[in-house]
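Worksheet: one structure, shown below.
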Amino acid sequence: MTSNKRILAAALFGQFLAGPAFAADYDPVYVQPEAAPVEVASGWYLRGDVGHSFDAETDGHYRVLDSGVITERDYDTIELRGNTDFSIGAGYRFNRYLRADATLGYWNRDVFGSTAFSDVLFFDDTSKISAWELMANAYVDIATWGKITPYIGGGLGFTRVKYGTLKNRAFCYEPSICGNSYEADHGGLSSTRFTWALMAGATVDITANTKLDFGYRYSHIKGGKAFGWDAFDQAAGATGPQGYDDGFSVHQVRVGLRYEFGGPQMAVYQPEPMPVYNEGPAPVYK
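Numbering (the working numbering), first residue to last: 18 to 303.
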């Protein structure tokens, strides 16, 4: 082997041994990976609810025509019997914590009123109430534990209350003083009343889009006119409403379904860059 060949072989062998050490001496080059999506709930939704409202009591008053003179009397009690309620609605989730919707509800109740006009004369009134309720509601989803999200909320709106025919029965226990007992029909009246509500409950995720809602709702419906005069009093010249209620406070438990159309939307999350080590320049052979 000539001297030139020995020198070339020694150089190649030295480059082979030194290559890994040289590569380790280079600084790392950081490469930014592609952005990864993270789910953030938002979008339009529909909802439907079924509830049970408990018995409620309120007060009220009515007018009495006696010998051409109208006086006012207070009911001793007015009772609104519990029943099943229904509502549907549409809304929008703004972010993970805030959502709002508009709901249309329907309910009907039996209503009873009673008063002692004197020691020997008592009145009992029976009727039915039906109502359509339109509400604007807002909710705060507090936090999520697994698939359960508790919430609080409030609503403002109006309720169209319609009384059916009211049957008035008078019981006289001393005919020599108040005459005989009698029954009379009074036409029911309608009124639109301001309503507010407070809600609390929890949502359970069935799927990413479908939610099961369990909740409690307290609502207060402002008072208004209830019924008119009977035919006898109308013939005597009585006009306008005869009876009024002072409004209703309703306690209700509800269960419902909510379907979020858009499902989760995607937000961009930039992860930390990952280091990639440069192995250095390739050897040059001569």
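Backbone N, C-alpha and C fix where the C-beta goes; we use that ideal spot for every residue, glycine too.
- Ala248 carries a helical assignment under DSSP once its states are collapsed to helix, strand and coil.
- In the DSSP assignment, Thr88 forms a beta bridge with Val81.
- For the pair of segments examined, the segment 86-98 was found to touch the segment 114-130: the number of CB pairs separated by less than 8 Å reaches three.
- Note that the C-beta distance between Ile169 and Ala219 is not below 7 Å.
- Pairing Ile105 with Phe111, the inter-Cα distance amounts to about 20 Å.
- Taking the Cα positions, Asn125 is about 4 Å away from Ser147.
- Taking a 10 Å sphere around the C-beta of Tyr199, we find fewer than 16 other C-beta atoms and assign the residue as exposed.
- Under the DSSP assignment, Asn100 falls in the beta strand (DSSP E) whose first and last residues are 100-110.
- According to DSSP, residue pairing for Gly218 in a beta bridge involves Tyr168, Gly232.
- Judged by DSSP secondary structure, Ala160 falls outside any beta strand (DSSP E); it is assigned neither H nor E.
- Straight across, the Cα-Cα distance linking Leu121 with Val137 is about 45 Å.
- Boundaries for Ala253: no beta strand (DSSP E) harbours it, and the DSSP string shows neither H nor E there.
- Close CB contacts of Thr182 within its chain, under the 6 Å cut and outside five residues either way in sequence, are with Asp202, Gly205 (chain order).
- Where Glu200 is concerned, the enclosing beta strand (DSSP E) starts and stops at 199-203.
- Three or more beta-carbon pairs drawn from the segment 253-266 and the segment 224-238 are found closer than 8 Å, and the two stretches are therefore classed as touching.
- Excluding sequence positions up to five before and after Trp149, its CB lies within less than 8 Å of the CB of Leu121, Gly122, Tyr123, Thr176, Arg177, all in the same chain and listed in chain order.
- By the neighbour-count criterion, in which a residue is buried when 16 or more other Cβ atoms sit within 10 angstroms of its Cβ, Asp83 is exposed.
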